[in-house]
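Inspection log for the structure reproduced underneath, given as structure tokens.
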Amino acid sequence: MAVIRRVYVEKKAGYDVEARALLLDLRDNLAVKGLSGLRLLNRYDVSGVSAREMARARHAIFSEPPVDEIYDESFPLAAGETAFAIEYLPGQYDQRADSAAQCLQLLTPGSRPQVASARVIVLKGKLLPGQLKKIKQYCINPVDSRLAAMGKPRSLELPTARPGGIPFLKGFISFSGTELQRLGSELGLAMDAADLDHCQAHFRDREKRHPTLTEIRLLDTYWSDHCRHTTFLTAITRVDIAAGAGNEPLRRAYGRYLETRSRVAAARRQEISLMDLALLAMRELREKGRLADVEFSEEINACSMTAIVDVDGKNQEWLVMFKNETHNHPTEIEPFGGAATCLGGALRDPLSGRSFVYQALRVTGSGDPRQAVALTLPGKLPQRKITTDAAQGFSSYGNQVGLATGQVAEIYHPGYVAKRLEIGAVIGAVPAKNVRRRAPKAGDVVLLVGGRTGRDGIGGATGSSKAHSESSLLTCGAEVQKGNPPCERKLQRLFRDPRASRLIKRCNDFGAGGVAVAVGELAPGLE
């Protein structure tokens, strides 16, 4: 069994800014008045390195001697101090541990060592009964983290179960409506009864077999509100506007909408819906030939426009791409990661279009972050924690990927207590000659390139498409990606090289739909 070596790293007095900020937060907002001191330590468990290599890494990788104290195997704990540790749930991407492992691989020849990290919080002072539990609940978000053991593990290897065969859902094509609903509930599907009825009819009448579990989960992801926008595409069959002078503008606007629909052929083929309302102006302009600069293609990425750009006195044709993304649900349940991947997810779309993303903006909606933590609604995180952690997550991702956020607009209103608003938008550009959009053909190779962002192969998007309850914080951890901005920065640099970008026929990013959606949108069929 490999030897596990442990180190603790703590900021020296005067440099412990984060620890002092958390101390004030707990005293002022959690009302733990008896707390007189707080320490923060980063814990690293390492296997696959020798004692000599670990000694070299102590100051070269894990700590900075001018500002850090480093302890081997254990750390000093004074009388009256209480300590507990926090670690990510198994399977969640840990950027700190991954970065340390990469640095160790550069320092030590051979394979990459294994690293596990945790954050240790040391409390000093007189705590009333129940306050330690209160502090742990405040500091540990069960969506992505858990209380870590203080002792060393026997191994850093994550247990992995060998996947078995793909099961068929026996009896599916003959299930009654009640049985279909029970199946949907047991599998935690986002599909409603009508969707399940449609699936049943397809497999019964066309496939003439029972579906596999994978097929149903893939369809559940594709048809989720997050990916398919089912709410916006719901047909509106009746619109009633109450009488009264105050509603006259609504009546006029709705009348103009119907009149415009009657002139636009593309709209007449669609049912009235919120999506039709959103797209009507674009459809009208396109039919009038006033969107000649908009690029339409088979790729499902960012909005793309052509522009003539003066580059050193010479005119060049460029593609300018922009994209906005909401991460309301992920930021609501895991603020740091949700807001970080709001920016990272928005960036992925124009990046998939082979453009270099150079600027961003952020719009948020929150309840009052000054509200007492005790008034937090059951099953929700405190508004202060959501607001501050989300700001740190968005900032952290942008700084690491090298993306400037030119504007931040924060809106505070009681209505956002029900659901957080988190919008990220980006803009990028690329010389048109570096983008070659071609149709895939049989024999083309599909490459999966990038970093691990979470357990999001199939089904991540369905989480934001369901109704949520007090238990959502405990059950939705796998649906929130962990950002890997250094890896996305590498992809930005790769795609900026025309030798790489011109090889790509079609590209799609990994969104919340994961493999289920990203690969399926590349071509009409894949094997």
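Here the sequence shown stands for residues 63 to 589, where the numbers follow my numbering.
C-beta: ideal position from N, C-alpha, C; glycine also.
All of these numbers come straight from a predicted model, not from anything done at the bench.
Leaving aside the five residues that flank S173 on each side, none in its chain has a CB nearer than 6 Å to its CB.
DSSP places K195 inside the alpha helix (DSSP H), whose first and last residues are 193-201. Here K385 is buried: its Cβ has 16 or more other Cβ atoms, across all protein chains shown, within 10 Å.
Excluding residues up to 5 positions away in sequence, A255, D259 lie with their Cβ nearer than 8 Å to the Cβ of G239 in the same chain. At the C-beta level, I303 and Y316 come within 8 Å of one another.
Cβ contact annotation for L275 (same chain, cutoff 7 Å, sequence separation greater than five): I228, P229, L231, in chain order. Nearest to Q157 by alpha-carbon distance, out of V356, Q462, R318, is Q462. CA-CA distance, T293 to D287, rounds to 6 Å. In the three-state reduction of the DSSP assignment, N546 falls in the coil class. Around the C-beta of A422, 16 or more other C-beta atoms lie within 10 Å, and the residue is accordingly described as buried. When secondary structure is reduced to three states using DSSP, Y77 falls in the coil class, being assigned neither helix nor strand. Taking C-beta separations shorter than 7 Å and ignoring five residues to either side along the sequence, the partners of C549 in its chain run G512, G513, following chain order. By the 16-neighbour rule on beta-carbons within 10 angstroms, H389 is buried. Annotation: the continuous alpha helix (DSSP H) that includes N390 extends over 390-395.
Cβ atoms of V184 and L139 come within 8 Å of each other, at about 7 Å. If you draw a straight line from the Cα of V79 to the Cα of P412, it comes to about 37 Å. The Cβ-Cβ distance between V470 and R424 falls below 8 Å. Burial is judged here by how many other beta carbons sit within 10 angstroms of a residue's own beta carbon; M383 has at least 16 and is buried. Here R89 carries a helix assignment [DSSP, helix/strand/coil].
Proximity to I202 across A578, I448, V479, L339 peaks at I448, based on C-alpha coordinates.
In this structure, the beta-carbon distance from D338 to A329 falls below 8 Å.
By the criterion of a C-beta distance shorter than 8 Å, L88 is surrounded in its chain by V94, L97, L100, I197, Y200, once the five residues flanking it on both sides are discounted.
Distance from the CA atom of A364 to the CA atom of L509, rounded to whole angstroms, is 20 Å. Less than 8 Å divides the Cβ of N570 from the Cβ of S414. Within the DSSP secondary-structure output, F230 pairs in a beta bridge with T274. T426 is bridged by DSSP to E472, E484. According to the DSSP assignment, G99 belongs to the beta strand (DSSP E) that extends over 97-109. DSSP places S179 in the uninterrupted beta strand (DSSP E) bounded by 176-187. By the beta-carbon neighbour count (other beta carbons within 10 angstroms, threshold 16), T299 is exposed. For E269, there is no enclosing beta strand (DSSP E), as DSSP marks it with neither H nor E.
Residue range 365-373 is occupied by the beta strand (DSSP E) that includes C365. CA-CA distance, G429 to H475, rounds to 5 Å. Looking at the DSSP output, M383 shares a beta bridge with S366, G490. Proximity to T368 across A147, G441, A491 peaks at A491, based on C-alpha coordinates.
Using a Cβ distance threshold of 8 Å, S125 and Q176 do not count as a contacting pair.
With respect to the 8 Å criterion, A452 and A504 are not classified as neighbours on the basis of their beta carbons.
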